[in-house]
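Before any comments, here is the structure.
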Ligand SMILES: Cc1cc2nc3c(=O)[nH]c(=O)nc-3n(C[C@H](O)[C@H](O)[C@H](O)COP(=O)(O)OP(=O)(O)OC[C@H]3O[C@@H](n4cnc5c(N)ncnc54)[C@H](O)[C@@H]3O)c2cc1C
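Residue numbers (the working numbering): 322 to 636.
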């Protein structure tokens with residue numbers, strides 16, 4: 322990446338941070354990934370639009386990330402620009418946009434964390450996002466993944482989402498409503514349509530007091546701490562839940578608790594997680610995912626689908 326392009330991205334990002342050769346392991350919860358040629362952090366839709374206009378106008382390869390909590394970057398890093406959509410400090414980041422007798426709609430900027438959105442809902446005595454308070458992702462990444470836990474998922478409350486489309490020379494903004502978002506289990510239309518999520522509208526219920534909502538969030542987060550290996554780097558559940566079963570149960574039944582390749586290990590605490598025991602490489606994780614899938618298939622006949630996303634050096 323030449324100096325001119327770097328300067329252009331710095332100008333476009335405004336006060337967003339731009340780094341060269343940024344080690345991606347610092348920006349992912351798995352703590353894996355080599356250097357990105359350029360990493361730019363944007364915390365507003367305007368900055369994102371400016372940055373994407375420069376990138377697409379020059380056909381530079383790019384990758385969009387939120388909190389990097391569902392990702393494995395290559396050990397070689399990423400040749401191009403990694404655009405990180407971050408928490409916005411402005412008043413517009415999370416706001417109530419409409420309200421009636423029984424419900425209200427909150428808008429959240431893509432870079433806000435799901436935990437901040439849940440807390441904002443709780444503070445405004447709106448229920449329906451308690452399940453998301455412990456998911457360590459952003460609103461954008463959450464919509465893309467249709468993140469969910471404890472019987473809830475974003476599809477149940479995200480009534481529409483806004484996007485940037487990058488087909489032409491200049492990015493276009495738009496909205497997908499209801500079924501257009503293509504939500505399914507840990508899936509959405511955004512995993513295939515190439516659009517960048519810039520924000521989401523959550524329809525939440527009135528009628529539950531703040532303490533009841535807060536206590537539900539505490540209870541769910543307590544269950545998380547008890548069952549999940551939160552003390553080690555990971556990207557959450559490594560595999561999607563197979564029909565009528567649990568990936569963790571099948572992995573354990575296949576004798577793989579604690580099974581390790583290099584620095585990557587099937588968690589001893591929760592077999593559905595792959596954890597980084599120190600120095601894990603993307604290759605270790607890939608090899609472990611492959612070995613687990615093969616062993617579980619041989620043992621049970623079930624094909625496990627990875628939930629974590631591998632990003633290649635060149636997309
Ligand atoms: C300890 C732990 C616990 C977890 N628990 C859960 C859980 O209970 N339930 C659950 O569903 N997940 C869970 N996860 C996984 C993860 O937090 C979710 O998938 C989350 O929604 C990912 O959000 P993110 O911002 O980190 O996305 P990233 O990991 O940054 O990105 C995920 C994917 O979305 C794309 N993307 C990100 N932002 C955008 C955007 N704005 N527009 C277009 N594409 C985008 C990326 O390119 C990538 O393909 C857990 C992870 C960890 C580490």
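Backbone N, C-alpha and C fix where the C-beta goes; we use that ideal spot for every residue, glycine too.
Nearest CA to the CA of residue i: which residue from the options?
i	options	result
residue 556	327, 572, 540, 601	601
residue 454	465, 466, 473	473
residue 322	355, 549, 334, 376	376
residue 620	499, 524, 577, 367	577
residue 291	528, 352, 457, 484	Only positions 322 to 636 of the chain appear in the structure, and residue 291 is not among them; the question remains open.
residue 495	533, 460, 519	519
residue 351	590, 558, 562, 339	558
residue 622	588, 566, 607	566
residue 612	630, 590, 632, 583	583
residue 550	604, 524, 597	597
residue 338	410, 364, 475, 370	364
residue 272	541, 416, 407	Because the chain spans 322 through 636 in this model, residue 272 falls outside it and cannot be assessed.
residue 508	562, 490, 491, 543	562
residue 631	450, 396, 371	396
residue 409	456, 452, 379, 461	461
residue 362	448, 380, 341, 379	341
residue 581	606, 574, 510	606
residue 498	446, 487, 482	482
residue 431	414, 604, 540	414
residue 552	486, 540, 595	595
residue 369	456, 421, 486	486
residue 284	548, 379, 448	With the chain running from 322 to 636 in the structure shown, residue 284 is simply not present.
Within the continuous beta strand (DSSP E) that includes residue i, where are the two ends?
i	result
residue 569	No beta strand (DSSP E) contains residue 569, which is instead part of the alpha helix (DSSP H) from 568 to 574.
residue 358	356 to 363
residue 460	Run containing residue 460: none in the beta strand (DSSP E); it sits in the alpha helix (DSSP H), 460 to 466.
residue 585	585 to 587
residue 421	Where residue 421 is concerned, there is no enclosing beta strand (DSSP E), given that its DSSP letter is neither H nor E.
residue 346	Taken as a continuous stretch (DSSP letters only), residue 346 belongs to no beta strand (DSSP E), as it is neither H nor E.
residue 630	630 to 632
residue 594	594 to 597
For the alpha helix (DSSP H) that residue i lies in, which residues bound it at each end?
i	result
residue 620	603 to 621
residue 372	366 to 378
residue 441	435 to 444
residue 327	324 to 334
Identify, in the order they occur along the chain, each residue of the same chain with its Cβ nearer than 7 angstroms to the Cβ of residue i, setting aside the five sequence neighbours on each side.
i	result
residue 560	568, 593, 625, 626, 627, 628
residue 382	400, 401, 635, 636
residue 524	424, 426, 478, 480
residue 491	374
residue 372	330, 333, 334, 361, 363, 404
residue 439	450, 451, 453, 454, 538
residue 398	345, 354, 355, 356, 357, 634
With a threshold of 7 angstroms, establish whether the CB of residue i neighbours any heavy atom of ligand 3.
i	result
residue 378	Ligand 3 is absent from the structure shown, which contains only ligand 1.
Below 8 angstroms CB to CB, which residues in the same chain sit around residue i once its five sequence neighbours on both sides are set aside?
i	result
residue 292	No answer is possible for residue 292: the residues shown for the chain start at 322 and end at 636.
residue 458	387, 388, 390, 391, 434, 435, 466, 468
residue 423	526, 527, 528
residue 571	563, 617, 620, 621, 623, 625
residue 343	356, 357, 359, 360, 403
Near residue i, what residues of its chain come up, given a Cβ to Cβ distance below 6 angstroms and the 5 sequence neighbours on each side ignored?
i	result
residue 614	625
residue 610	627
residue 366	519
residue 463	435, 475
residue 537	451
residue 418	426, 428
With a floor of 3 residues, list each beta strand (DSSP E) that falls wholly inside the region 385 to 413, ordered by position along the chain. 392 to 394, 399 to 406
Which full runs of the beta strand (DSSP E) of 3+ residues lie inside the region 487 to 567, going along the chain? 493 to 498, 517 to 526, 555 to 558
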